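K.L.:
Protein sequences appear in the order of chains E and R. Under our numbering, the first residue of the first sequence is numbered 1, with each subsequent residue one higher. Under our numbering, the first residue of the second sequence is numbered 1001, with each subsequent residue one higher. Beta carbons are placed, not taken as given, at the ideal position from N, Cα and C, and that holds for glycine. Small disclaimer: the values here were computed from a predicted structure and weren't measured. A single structure is presented below for examination.
Protein chains: 2
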Amino acid sequence: MPQSRQRATILEVAHAAGTSKTSVSRYFGGERERLSRELQGRIAAAARRLGYRPNQMARGLKGGRSRLIGMLVADIRNPYSVAVMHGVEQACRARGYSLLVGNTDNDPAQERRHLALLAAYRVEGLVINAAGSPDRELARLAEQGTPLVLVDRELGEVPADVVGLDNARAIDQALDHLQAAGYREVLYLSEPPDQASSRRARLARFRHGLAAHGLSGEARCLSIGHGPAAVGEVIDGVLASPATIPRALLCANGNLTLAVTRHLQAHGTPLGEVGLMGIDELDWCELVGPGITTLAQPTDAIGRAAVENLLQRLESPQPASPPRRTRYQAQLIPRGSTRLPFHHDRSQESP
Amino acid sequence: MPQSRQRATILEVAHAAGTSKTSVSRYFGGERERLSRELQGRIAAAARRLGYRPNQMARGLKGGRSRLIGMLVADIRNPYSVAVMHGVEQACRARGYSLLVGNTDNDPAQERRHLALLAAYRVEGLVINAAGSPDRELARLAEQGTPLVLVDRELGEVPADVVGLDNARAIDQALDHLQAAGYREVLYLSEPPDQASSRRARLARFRHGLAAHGLSGEARCLSIGHGPAAVGEVIDGVLASPATIPRALLCANGNLTLAVTRHLQAHGTPLGEVGLMGIDELDWCELVGPGITTLAQPTDAIGRAAVENLLQRLESPQPASPPRRTRYQAQLIPRGSTRLPFHHDRSQESP
DNA sequence: TTGTAGGCGTTATCAA
DNA sequence: TTGATAACGCCTACAA
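Take a look at the structure:
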């Protein structure tokens, strides 16, 4: 039954235990062995009685170690971001760090604000999954020795590690699958690349891979923010022309898969006859129509890798080894949305 | 171009600006007016040059205000939790607080650990959406004056505000809708209530409301963690009996809606003929089959309300006003999964 | 308008 | 094995 109205301090515990701040500090600082059994007991009892917890603020101030990892997220409601965050959180917990999150709702101003805040709390490392115009603040952080790791996108200017999908390979997997399934024309849908390097990488690989796979088709960029109409226009524009060969839609991320599925559903387009596949696996992909084929990203692994990366840099004495890239493979989950009805299959098999 | 390898301190800025710590402190502490224009300029220049940012750790230590809000989440990948978190984050940002999150993956041990950590960082308030066996640590926090707000569940022991859905009303809305749609037997599916008060509230209201609506049916609890088999067993057990009257399934939350939908889908059960509806709106509910009827929770509002609640208590001088309950109404989104095929409709309309 | 001198709760250094 | 004491970076009387 603690009587204290306020959180106890190390000094109070010391008094209560009839000893000095130093010993209490040692007790909680992982140097218990240096204390006599008896003193340990007294400190433990006093601390328990007072409900004492070392103040991380004070600790951080003294040692310069905040034990905080910051994470900047462009959209906290994006399942991909959350999934990665889950991995990040796991790794932090496992390594004794806490996670300070900043959600920017895709607003550069908020991004700067959050960056400043995270810096103010002296986060020891920063995981970034945000638009990130090569920011002044970001560069400064890196300069001052805060390790940065970018998830799913890289920033040319700032020295930072990158963790994410092997985008080129993923696009190849998609094209392989679509081609093997009998589709001959592929429409690739992406959000505008802007600074997001992974979007650029996927786009570039698609353009390159189309010919290599003997496929026709094209890539189109569209902003989901502009409402469902934008998606509809693009898709309709392409699907309107008579289908002489089997056609498929390839979505560059989960958001697009959702938007496209909504549109197709609303127009009663039969999934499979028009192929549909997307990068990012989502809860519902197996539930819609015949199921939607996806390329699943190992999000937990990506999140954990991001943190491991940070901590490694924190612990390593090397001031600035060159940026590292960690790439993970996507996992293909084939479903009905890329299964052609029988008559189409036949027409493909005869050369 | 800052030269410093280390983050600058207030003292360095003071020196660089040819002034004292105090003035620099005032400059950044929102007392610029008290400084001469000229001094302001010098400080601004020096600070910019050195890339100075006040150290929140030191600030928090001195003033006792960490400017941190903690949030404890049982499952960070649960869309409901994330949606609430989005609201929480928005409100924090708007009020100049940062968010320290702890994800427990439904593990009570992790919950305690996180609670201790959040306490160590001296969070000024705590938003909790977790299992929360009335924890020793939690009680202590409340005792020491940290305001607590529980989202979607209440803990008998600990004094805390509660923000969440008007559960009784929501169940009524569901039963009203199902009844009006022509269903006469309702199977209510819930996760085990345990300490989660909102589950208990919904369950109790369902049992009470069934008769009041002239419906037959029953409520069943099942653990999703036990795999899809558990869900299947319960549903099959009920649906196996010959359907003499139109039957519907009512899911107590989004997780269950997902699990149930998976099962029904796998068995080709026609949605609508067997009614399906759930609490929690999810991205994909409009996409599956004829669409799944849901009761949407105003998650953003709930998250924001949680923070407002905390800050109000922080700012109010009252030591301990009685716990407050804030309840929000659900919004019914009717879809095909609760639309009976025509012949059923007819049979219902003749008494 | 500006500056000086503690002290917030910890850890690190040094001495006993 | 223990304890006094000086930082850590900042804010806040108080004084000039």
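DSSP three-state call for R:Glu1154: helix, strand or coil?
P.N.:
Reduced to three states, the DSSP call for R:Glu1154 is coil.
K.L.:
Between E:Gly60 and the rest of its own chain, which residues show a CB-CB distance below 6 Å, the 5 nearest in sequence each way excluded?
P.N.:
Taken in chain order, the residues that qualify are Ser66.
K.L.:
What are the boundary residues of the beta strand (DSSP E) that R:Glu1218 is part of?
P.N.:
Segment Ser1216 to Cys1221, the beta strand (DSSP E) holding R:Glu1218.
K.L.:
Under 7 Å Cβ-Cβ, which residues of chain E neighbour R:Arg1007?
P.N.:
Neighbours of R:Arg1007 on chain E, chain order: Gln144.
K.L.:
Under 8 Å, do R:Val1149 and R:Leu1310 count as touching if we go by C-beta distance?
P.N.:
Their beta carbons are under 8 Å apart, which means R:Val1149 touches R:Leu1310 by this criterion.
K.L.:
Which two residues bound the contiguous beta strand (DSSP E) that contains R:Ile1171?
P.N.:
Run containing R:Ile1171: none in the beta strand (DSSP E); it sits in the alpha helix (DSSP H), Asn1167 to Ala1180.
K.L.:
Measure the Cβ-Cβ separation of R:Leu1264 and R:Leu1276 and say whether it is below 8 Å.
P.N.:
In this structure, R:Leu1276 lies closer than 8 Å to R:Leu1264 by Cβ.
K.L.:
Put E:Asp236 into one of helix, strand or coil per three-state DSSP.
P.N.:
Helix at E:Asp236.
K.L.:
Taking only three categories from DSSP, how would you classify E:Gln352?
P.N.:
In the structure displayed, chain E extends from 1 to 351; residue 352 of chain E sits before or after that span and is not available.
K.L.:
Does the pairing of the stretch 72-85 of chain E with the stretch 39-54 of chain E give three or more beta-carbon distances under 8 Å?
P.N.:
These segments do not touch.
K.L.:
Under a Cβ-count criterion, where at least 16 other Cβ atoms within 10 Å of its own Cβ denotes burial, should R:Ser1098 be classed as buried or exposed?
P.N.:
So R:Ser1098 counts as buried.
K.L.:
In the DSSP assignment, what residue or residues form a beta bridge with R:Thr1146?
P.N.:
Its beta-bridge partners do not exist; DSSP assigns none.
K.L.:
Going by CA-CA distance only, name the one from E:Gly225, E:Ser241 and E:Gly164 that's closest to E:Glu154.
P.N.:
If we check each option's Cα against that of E:Glu154, E:Gly164 comes out closest.
K.L.:
Cβ atoms of R:Leu1295 and R:Gln1173: under 8 Å apart, would you say?
P.N.:
Their beta carbons are under 8 Å apart, which means R:Gln1173 touches R:Leu1295 by this criterion.
K.L.:
Do R:Tyr1328 and R:Ala1306 have their C-beta atoms within less than 8 Å of each other?
P.N.:
No.
K.L.:
By the criterion of Cβ-Cβ separation under 8 Å, what are the contact partners of R:Ile1076 in chain E?
P.N.:
Simply Val82, Met85, His86 and Glu89.
K.L.:
Work out the CA separation of E:Asn103 and E:Asp75 for me, nearest whole Å.
P.N.:
Near 6 Å, if we compare the C-alpha coordinates of E:Asn103 and E:Asp75.
K.L.:
In chain R, what lies closer than 7 Å to E:Asn309 by C-beta?
P.N.:
By Cβ distance, chain R contributes nothing, its closest Cβ being about 20 Å from E:Asn309, past 7 Å.
K.L.:
If we cut at 8 Å on Cβ distances, does R:Ser1025 have a partner in chain E?
P.N.:
No, R:Ser1025 does not count as interfacial toward chain E.
K.L.:
Quick one, are the C-beta atoms of E:Val127 and E:Pro323 less than 8 Å apart?
P.N.:
No, the Cβ-Cβ distance between E:Val127 and E:Pro323 is not below 8 Å.
K.L.:
With 8 Å set as the bound, which would you pick, yes or no: does the beta-carbon of R:Met1277 sit closer than that to a beta-carbon of chain E?
P.N.:
Output row for R:Met1277: interface = no.
K.L.:
For chain E, is any of its Cβ atoms less than 8 Å away from the one on R:Arg1122?
P.N.:
By this cut-off, R:Arg1122 is an interface position.
K.L.:
Assuming E:Asn309 is part of the alpha helix (DSSP H), what are its boundary residues?
P.N.:
Run containing E:Asn309: Thr299 to Glu315, per the alpha helix (DSSP H) assignment.
K.L.:
According to the neighbour-count rule (16 or more other Cβ atoms, all chains shown, within 10 Å of its Cβ), is R:Phe1342 buried or exposed?
P.N.:
Looking at its Cβ environment, which holds fewer than 16 other Cβ atoms inside 10 Å, R:Phe1342 is exposed.
K.L.:
Which residues, in order along the stretch 46-65 of chain E, keep a beta-carbon less than 7 Å from a beta-carbon of chain R?
P.N.:
Against chain R - using a Cβ distance shorter than 7 Å - the residues of the stretch 46-65 of chain E are Gly51, Arg53, Pro54, Asn55, Gln56, Met57, Ala58, Gly60 and Leu61.
K.L.:
Does the contact criterion of 3 or more C-beta pairs under 8 Å hold for the stretch 1282-1291 of chain R versus the stretch 1136-1152 of chain R?
P.N.:
The stretch 1282-1291 of chain R, when compared against the stretch 1136-1152 of chain R, does not touch it at the 8 Å Cβ threshold.
K.L.:
Could you tell me the distance, in whole angstroms, from the CA atom of R:Glu1308 to the CA atom of R:Pro1298?
P.N.:
R:Glu1308 and R:Pro1298: Cα-Cα distance of roughly 15 Å.
K.L.:
Could you give the residue range of the alpha helix (DSSP H) that holds E:Glu111?
P.N.:
Looking at the DSSP string, the run of the alpha helix (DSSP H) that includes E:Glu111 is Pro108 to Ala120.
K.L.:
Beta-carbon within less than 8 Å of E:Pro193's beta-carbon, same chain only, minus the 5 sequence neighbours each way: which residues are those?
P.N.:
For E:Pro193, where only same-chain residues beyond five positions count, the Cβ hits under 8 Å are Arg199, Arg200, Leu203 and Cys221.
K.L.:
Give, in chain order, every residue of the stretch 279-296 of chain E whose Cβ lies closer than 8 Å to some Cβ of chain R.
P.N.:
So the close ones are Leu282, Asp283, Trp284, Glu286, Leu287 and Val288.
K.L.:
Of all Cβ atoms in chain R, is any one closer than 8 Å to the Cβ of E:Ala389?
P.N.:
Residue 389 of chain E lies beyond the range of chain E shown here (1 to 351); nothing can be said about it.
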